[in-house]
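Residue numbers (this note's numbering), protein chains in the order written: chain A, 335 to 574; chain B, 13 to 32. Taking it in order: structure first as structure tokens, then the write-up.
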Amino acid sequence: GGVGGPSASYIAPKSVWLPAVKAKGLEISGTFVRRMGSIYMEMSLSNNAMQVMTDFAIQFNKNSFCLAPAAPLQINAPLAPNQTIEVSLAVNTVGSVMKMDPLNNLQVAVKNNIDVFYFSCLYPLNILFVEDGKMDRQVFLATWKDIPSENEAQFQIKDCTLSADAVSNKLQSSNIFTIAKRTVDGQDMLYQSLKLTNGIWVLAELRIQPGNPNYLLSLKCRAREVAPHIFQTYEKILKN
Amino acid sequence: ELDDGLDEAFSRLAHSRTNP
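Here is the structure:
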């Protein structure tokens, strides 16, 4: 949450990625954020073992959107038993590509002085929504026509009571841009665009009917498999 | 505001989507 403005994009709460029982006492919980155009993996590392932990390092497996650590994991002091530290790892998108199932799955290896540990986590696709994702209006109209209807996916966003303008503002904080708004038969139709870090564009039509808490989201994208993940991020952003 | 015909095009799109 927090106050409005361009830096208030949606951040999921931290979840446990590596339970201590699976990692000889090391517990890692984390989340992903996009801040000022950069992606960060924010983690809490807890030492639940009886010995000091040192020599931390992190690696990602190849993944769908080329996520890779932008720098080594910076942990400057040994992690004492019962100690927890917060770490923010800068992440870039110039790693190697390998399509994962699910698409947003990230396999991570973490080592310390005790052993090497592996875990998987899921990142919300909104960390990949770039700041220049506002499509030119003419290009939007042409692209919307050009993408065949087989590539249109529809989803219901349930139990949402925001106005069309509140929806636009909230989504824009997460780099989903409203290009046009029309009211037809009392329904607000928002035309929106976003662009992923790998250059994939997603076009959206969000239909809001007065008195109806269920919005209809139509997504058009040449890469069809991203649509369910985009829907999930719409839900999270709007319900946050 | 500059009328480049796009405002009208978006109106047509919205109408076509609500009354296919």
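C-beta: ideal position from N, C-alpha, C; glycine also. Please read all numbers here as calculations on a predicted model, not as lab measurements.
Sequence-distant residues of the same chain with beta carbon closer than 6 Å to residue i, five excluded per side
i: I461/A; result: F366, R368 and I373
i: I481/A; result: K554
Contacts around residue i, its chain only, beta-carbon distance under 7 Å, and the 5 residues preceding and following it disregarded
i: Y568/A; result: I491 and L551
i: M387/A; result: L360, N381, P412, L413, N446, N447 and I448
Unbroken beta strand (DSSP E) run spanning residue i, endpoints
i: I571/A; result: First-last for I571/A: A561 to K573, but that is the alpha helix (DSSP H), not the beta strand (DSSP E).
i: V537/A; result: First, the residue type needs correcting, since residue 537/A is Leu and not Val in the sequence shown. First-last of the beta strand (DSSP E) with L537/A: W535 to I542.
Residues of its chain near residue i, where Cβ-Cβ distance is below 8 Å and the 5 sequence neighbours each way are ignored
i: Y344/A; result: P458, N460, S507, S508, T567, K570, I571 and N574
i: T427/A; result: I373, F399, C400, L401, A402, L462, T531 and N532
Within-7 Å CB hit, residue i to chain C
i: S28/B; result: The structure shown contains no chain C; the protein chains it does contain are A and B.
7 Å Cβ cutoff met for residue i and residue j
i: K529/A; j: V464/A; result: yes
i: M434/A; j: S527/A; result: no
i: A404/A; j: A391/A; result: no
i: Q441/A; j: N395/A; result: yes
Cα-Cα separation between residue i and residue j, rounded to whole angstroms
i: L496/A; j: A514/A; result: 18 Å
i: T30/B; j: A498/A; result: 17 Å
i: R558/A; j: C455/A; result: 22 Å
i: N439/A; j: N397/A; result: 7 Å
i: A357/A; j: H563/A; result: 30 Å
i: G467/A; j: L25/B; result: 21 Å
Start and end residues, alpha helix (DSSP H) containing residue i
i: L440/A; result: Not the alpha helix (DSSP H): L440/A falls in the beta strand (DSSP E), residues N439 to K445.
i: K504/A; result: A498 to Q506
i: V473/A; result: R471 to D480
Margin query: Closer than 9 Å between beta carbons: that is the criterion. Which residues of the stretch 469-488 of chain A meet it against chain B?
Written below: Result list: R471, Q472, F474, L475, W478 and K479.
Note to self: Taking beta-carbon pairs under 7 Å, can you tell me which members of the stretch 493-525 of chain A lie near chain B?
What the structure shows: Listed in sequence order: A514, R516, V518, D519, Q521, M523 and Y525.
Notebook entry, point to check: In the stretch 536-563 of chain A, which residues sit with their C-beta less than 7 Å from some C-beta in chain B, listed in chain order?
Noted result: Cβ contacts with chain B come from E539.
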